[in-house]
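Before any comments, here is the structure.
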Amino acid sequence: MAQEDTRQEGAEASYVADRRAPRRTAARMIVVGVIASVLGVAAGLAIDWFPPAASTQADKIDTLWDVLIIASVPVFVLVVTVIGFSILNFRMRPGEENLDGPPIHGNTRLEVIWTAIPATLIVGLVVYAYVVLRDIEAAPAKEPERVVRVFGEQFAWTFEYNEGGRRFRNAQLFLPAGQSVKFEVRSKDVIHDFWVPDFRLKIDAVPGIVTSYRVTPKQSAVGDHAIVCAELCGLGHAFMRQTAHVMTAPQFAAWVKKASAPAGGGGGGQGGGGAPDAKAIFTGGKSSTSATPCGACHTLSAAGTSGTTGPDLDQGLKGKDAAFIKQSILQPDAQIAPGFGKGIMPPNYRSTLTPAEVDALVKYLSDATK
Ligand code: CUA
C-alpha cells in the first residue's frame, strides 16, 4: 500500500515537471505555425477558385475572398498547431492512467487576449465586407438605370425588358457591356435562385416578393455566360440553365430594335431565312435558341440522345400524329405520359422557340418516330 503511494507521488512530480519544460517546443510550434500559415495563404491565393470575372462587382468580390483567405488561414493554422502541440506534449504517459491534470483556475490575461483578438478580427472583416456590399449594391450615377425583370418558373427563366418605353419579353438574356443593369427577380411558382457565376452574384427568386441585384458587365466580358438556377426547385432543376449574352452597346441596341419589334415581323433573325435545323434544336448542338434542348431529358435514337427525365420519345411518340406532338411541346401538361408528373417539362417553349422552329421540330419528331 505504502509502496504504491510513493510511486503515485513520484509520477505526479514528474508530470508537473514535464509540463513546465517545453519552452523549446513552444518556439518550434511558432516556427511551424508561421511556415504553415505562409504556405496556406500562398496556396489559397494561387488557386484559381472562380470562373472568369465578367462584372465590375466580381473583381471586388474576388478581392474580398482573397482578404478572407489571408485572415482565416492563419487562424486555422493556429488552432490546428495548438491542438497538435497539446496532443504531443500533454498526452497521457505510462503510469499516469489514474492521474488528474494539474488544477487550472483560469488565466485572466490569456482569456482577455483570446477574446480581444478574434473580436477585433471579426469586427474588422464585418466592416470591410459591409463596405464592399454597399459598394457593389450602389445605384449607378447615370439615371435612369436599366431594369430587367427576371421571372423564374419550373424550369426556365424569362426576361422582361423596358427599352425606350417598349416592354417586351425574351427567353434569352442580352446585356450591353459597360452599363449597369438591375435585375428584379420574381418567381411564378416555387423558390428558384438566379445565378450567373461569372458575375459572382446570385439571389433567390421567391414567390410573392421581388428581390434584386445590380451588375455592370465588363467590356472584356463580351460573349456568353452561363445562367444557373441555384435552388433545388424540382425534377428539372438541373436543366434550368440559360445563357447571358454580353454584347457591345451598338450590338445591344440592334438586338433591342429586333427583339422589341411587334410579333410576326421579327421572325427573320433565326437563321437567315433557311429552315430551322430541328435536330440541332433537339440536341442543343448548334441551336441559336437558348431553350433547354429536348435531348437533355428525352431519349430519341435518331438524335442520339439518351435523357431519362422525360418520356422515351422512340416509344412515346410511336403512331402519334403531328397535332399531338405539337401540343406536347407547347402545352406539356395537357397530356401526361404514364409514369411522369406534371410540371417537369419547361412550359415556355411557346416563347423560346419561333413558330417555324416548332413546326420544324414537329416534322422532325414525327418523321423520326414513324
Ligand atoms: Cu429553378 Cu432550381
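Each number in the working numbering corresponds to the 1-based position in the sequence shown with 207 added. Idealized CB from N, CA, C, for every residue including glycine.
Considering only the beta carbon of each residue, do residue i and residue j sit closer than 9 Å?
i	j	result
K378	T515	Reading off the sequence, residue 378 comes out as Ala, not Lys. Contact flag unset, no.
Q542	F531	yes
M552	G511	no
L520	L442	no
T490	M447	no
T368	L271	The question names Thr, yet the displayed sequence has Tyr at residue 368. Their beta carbons are not under 9 Å apart, which means Y368 does not touch L271 by this criterion.
V463	G371	yes
Q264	R407	yes
G251	T288	no
T232	N314	no
P259	D396	no
P554	P539	yes
L332	L246	no
P325	V282	yes
M236	G291	yes
Y420	E318	no
Can you tell me whether residue i is helix, strand or coil according to DSSP?
i	result
P383	strand
G430	strand
W256	coil
N369	strand
S467	coil
A460	helix
A530	helix
V413	coil
T270	helix
T561	coil
T512	strand
M236	helix
H444	helix
G359	strand
L408	strand
A348	coil
N296	helix
Q542	coil
T418	strand
P301	coil
P194	Any question about residue 194 goes unanswered here, given that the chain covers just 208 to 577.
G473	Because the pLDDT at G473 is just 40, under 50, the model does not fix this residue reliably, and the point stays unresolved.
Between which residues of its own chain and residue i is the CB-CB distance below 7 Å, once the five residues before and five after are set aside?
i	result
V429	A384, V453, M454 and T455
V352	Checking the displayed sequence, the identity of residue 352 turns out to be Glu instead of Val. For E352, where only same-chain residues beyond five positions count, the Cβ hits under 7 Å are A346, S387 and K389.
R557	L537
Near residue i, which residues of its chain fall below 6 Å by C-beta distance, leaving aside the five closest residues on each side in sequence?
i	result
G472	Legend: pLDDT at G472 = 41, less than 50; position of this residue unreliable, no value from coordinates given.
G475	Here G475 scores only 39 on pLDDT, less than 50, and its place in the model should not be relied on; the value that follows carries that caveat. Contacts found: none.
H191	Missing from the structure shown is residue 191; the chain here goes from 208 to 577 and no further.
V339	K267 and L271
I416	none
W402	K409, V435 and A437
Give me, in chain order, the residues of the same chain whose beta-carbon lies closer than 8 Å to that of residue i; leave out the 5 immediate sequence neighbours on both sides.
i	result
I398	D411, A412, V413, P414, E438 and C440
A567	A482, P483, D484, A485 and I488
T423	S262, T263, Q264, P347, G385, Q386, S387 and V388
How about the segment 381-389 and the segment 446-454: do they share at least three Cβ pairs that are nearer than 8 Å? yes
Flag this pair as touching only if the segment 532-549 and the segment 357-372 have three or more C-beta atom pairs under 8 Å; answer yes or no. no
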